[in-house]
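Quick note on the numbering used here: the sequence shown kicks off at 115 and runs consecutively. Cβ atoms here follow ideal geometry from the backbone N, Cα and C, with glycine treated the same way.
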Amino acid sequence: MRYISILLSALGLALAACGGARGGKPSSEAAGSPAAEPEPVQPVLYRHRVVAEYPHPADNYTQGLVYFDGLLWEGTGQWGASRLMTIDIDGSGRTETLASLPPSEFGEGIAIAADTIYQLTWTTGIAHLYDLRGRLQRSVEYSGEGWGITSDGERLFTSDGTSTLLQVDPVTFRPLRGVTVTLQGRPLENINELEWIGGRIWANVYLTTSIVMINPETGVVEGVLELDDLLGRIDIDSRTDVLNGIAYDAARDRILVTGKNWNKIFEIEIFE
Ligand SMILES: [Ca+2]
């Protein structure tokens, strides 16, 4: 049960020791009191195995990751080094920079929906919208910080570093709906890079090696995946930073993950 102890330390949780046994409430509350709150949902703890590795440019401070049209698309951060690029992980391995942000902007998450590439910025409140060749079409202003973004093909969802998951209008970026991401009934902060996978939103949790699987309608974390072992499979240097970046290749049902300035991308399979 090593992963449970890691989760405890990483997220400060109080998981029951035997996989889902729920702590009892005091008898006065448990006896049908109308004031009793619903029991928090216990997330499923998933295991994983690495099934493939691909090279990843260690210069890339990964902020957004998407698989689309046979390529891996990546948005990177850092002042003066923020880019939108593609990596041909299934072919030549070649990288191509499609756009570079001005030095005044720190790139964040990316998403692709309806022939548009969206790229957030951290503190400048600007989202850039590109066509599929990476040509800037227009830029949209929004309030607050930009962290992660993903799409189910139509709707856009964003994170801002808090526990809030927003659905935003794809044209104006006006918030349409928001839910609080909760883990065992408590708000979970630092929701970062996002990926829509099979009806749930997977999210990196900043400064942890955990990915959470969020019900987009309720915000409830229904699953947790601990990936601390991946750090042992990359070349560590002074730049190596946290796990960040989730992409899903729906056509081949592949889950791809990496980290900031990691030299590898991992394809993983998960199981309970
Ligand atoms: Ca993603």
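Expected contact under 8 Å - CB spacing of E303 and I360 to nearest Å: 18 Å between Cβ atoms; not a contact.
Is Y320 close to chain B, meaning its C-beta is less than 8 Å from at least one C-beta of that chain? Among the chains in the structure shown there is no chain B, since it carries only a single protein chain.
Separation of T230 from E383, as counted between CA atoms: 29 Å
Does the separation of the CB atoms of E386 and V158 fall below 8 Å? yes
A364: first and last residue of the uninterrupted beta strand (DSSP E) it sits in: Secondary structure note for A364: it is in no beta strand (DSSP E), with a DSSP letter that is neither H nor E.
Quick one: Cα of S265 to Cα of E219, how far? 23 Å
Give every residue of the same chain whose Cβ lies closer than 7 Å to the Cβ of G194, excluding the five residues on either side of it in the sequence, and list them in chain order. P217
Give the single residue among G207, P152, T176, L179 whose Cα lies nearest to the Cα of P169. The residue with the shortest Cα to Cα distance from P169 is G207.
Please report how far the alpha carbon of I263 lies from the alpha carbon of L344, in whole angstroms. 23 Å
If you follow the beta strand (DSSP E) that E268 is in, where does it begin and where does it stop? Unbroken run through E268: none, as it is neither H nor E.
Could you have a look at R161 and say whether DSSP puts it in helix, strand or coil? strand
L280 beta carbon less than 8 Å from that of T272: yes
For P140, count neighbouring Cβ atoms within 10 angstroms of its own Cβ and tell me buried if that reaches 16, exposed if not. Because the pLDDT of P140 is 40, which lies under 50, any placement of that residue in the model is unreliable, and the question is left without a value.
Inspect the beta-carbon positions of E210 and G178 and report whether they are closer than 8 Å. Not a contact, by the Cβ cut-off of 8 Å.
Give the single residue among N377, W376, V371, S253 whose Cα lies nearest to the Cα of V164. Nearest C-alpha to V164: V371.
Distance CB(S257)-CB(L243) smaller than 8 Å: no
With DSSP collapsed to three states, give me the class of R208. Coil at R208, not helix or strand.
So which of Q156, E188, V180 has the shortest CA-CA distance to G363? What sits at residue 363 in the sequence shown is Asp, not Gly. Considering only alpha carbons, the answer is V180.
Within the same chain, show all residues whose beta-carbon is closer than 6 Å to that of L234, passing over the 5 residues directly before and after it, in chain order. E222, G223, A241, G260, I263
With distance defined between alpha-carbon atoms, name the residue in G313, A317, I311 nearest to V295. With distances taken between Cα atoms, V295 lies closest to A317.
Tell me the rounded alpha-carbon separation between V155 and R161. 19 Å
Can you find a heavy atom of ligand 1 that lies under 7 Å from the Cβ of I76? Summary: the structure shown does not reach residue 76, with the chain confined to residues 115 through 386, and so no result is reported for it.
Taking 8 Å as the cut-off, decide whether the C-beta atoms of E174 and E151 are in contact. Reading off the sequence shown, one finds Asn at residue 174, where the question assumed Glu. Contact flag unset, no.
DSSP-derived helix/strand/coil call for R300: strand
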